[in-house]
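Enquirer: To convert a position in the sequence shown, counted from 1, into my numbering, add 68.
Idealized CB from N, CA, C, for every residue including glycine.
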Amino acid sequence: MARLPMDGINRAISQLNSVSDGALPTLKDNLVFPTLTADIRIGGIFLPFDIGMSFMRIPNLNLSKLGADITVDFFTIGGSLRVPVLQEKLIIPAVSFGAGFMYSKGFVEVREADNAYLRSDYKTKTIFLEAQVSKKILFLVPFVGFRGVVSDSTNSWKWQFNAAFNGYTVGQTQSGTETRSLPDAFGESFQPQVFGGVGFDIFLVQTTISASYDFRNKIWGTNLSLRFKM
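As structure tokens, then:
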């Protein structure tokens, strides 16, 4: 699942509606969409750490059922490194720490026929740190962990309104850019998350089912991944 904040585009909608008599609907504060995700992690037997790569995408979606011609596009790519700090023993679980980086970009576009148009483009860089505890029981590996996420972002927007008057078309256009950078916005962007799940460890292949919860945004997420150990 992917969460797209709509605060920037709603501010643009509010400004546009002030001169267009409510041409566009206000969106929810956050829109949540299912995504196409690929997650690959390599490590284990010959490597003392894990290296992971992930890819996530929302294909170009048209959400006309929300009351206007709304188009959404979203793309994320990232990598992570996880290092064990405590080896698993008979009754002692394994403990590891990890860090990662993700880059996201996309846009949200809203149209109302040929009268009103606005678009919000965004780019986000995200850094996260996490700690995980796991214990292997036969071929099952249950785990639980905590993750802290911070990010900086750039959001640019543009709106245009056209109106017919005495046979002429009168247009008005406005645009702007908002930037939230670290460490200035650390408190605003910090997202504490908890996650957990179970892995099915069979020879050199591990399939993992997990879930996570974002306390700041109150959003659940789920994940299914396939890992090859080397």
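Could you tell me whether the Cβ atoms of Y171 and I195 are closer together than 8 Å?
Expert: no
Enquirer: Quick one: grab the DSSP three-state call for E256.
Expert: helix
Enquirer: At 4 residues or longer, and completely inside the segment 193 to 217: list those alpha helix (DSSP H) runs for me, N to C.
Expert: none
Enquirer: Thinking C-beta only, is F268 closer than 8 Å to L208?
Expert: yes
Enquirer: Please state whether the Cβ-Cβ distance between G213 and G168 is less than 8 Å.
Expert: no
Enquirer: Since P161 and V201 are thought to touch, with beta carbons under 8 Å apart, how far apart are those beta carbons, to the nearest angstrom?
Expert: 5 Å
Enquirer: Nearest by alpha-carbon distance to L272: which of T222, G111, Q155 and D137 is it?
Expert: G111
Enquirer: Out of T290, R284, V266 and D220, point me to the one whose CA is closest to I205's CA.
Expert: V266
Enquirer: How should L186 be labelled, buried or exposed, when 16 other C-beta atoms within 10 angstroms of its C-beta is the threshold for buried?
Expert: buried
Enquirer: Nearest-angstrom Cα distance between I138 and V153?
Expert: Near 47 Å, if we compare the C-alpha coordinates of V153 and I138.
Enquirer: Name the DSSP beta bridge partners of N223, please?
Expert: Y190 and E246
Enquirer: Is G147 buried or exposed, if buried means 16 or more other CB atoms sit within 10 Å of its CB?
Expert: exposed
Enquirer: From T290, T245, S164 and T222, pick the residue whose C-alpha is nearest to that of S257; which is it?
Expert: T222
Enquirer: From I108 to I119, what does the alpha carbon distance come to, in whole angstroms?
Expert: 8 Å
Enquirer: Where DSSP assigns a beta bridge to F123, which residues make up the other side?
Expert: A106 and I145
Enquirer: Going by alpha carbons, who is nearest to V140 out of A199, V151 and R125?
Expert: When each option's Cα is compared against that of V140, the closest is R125.
Enquirer: At what residues does the beta strand (DSSP E) containing Q274 begin and finish?
Expert: V273 to D282
Enquirer: Taking Cβ positions only, does E246 come closer than 8 Å to chain B?
Expert: The structure shown contains no chain B; it is built from a single protein chain.
Enquirer: Rounding to the nearest angstrom, what Cα-Cα distance links T105 and S278 in this structure?
Expert: Roughly 14 Å separates the two Cα atoms.
Enquirer: Whole-angstrom Cβ separation of K203 and K191, contact assumed at under 8 Å?
Expert: Actually they do not touch by this definition, with Cβ atoms about 40 Å apart.
Enquirer: Using 10 angstroms around the beta-carbon of F283, count the other beta-carbons present and answer buried if the total reaches 16, otherwise exposed.
Expert: Per the 10 Å Cβ criterion, exposed.
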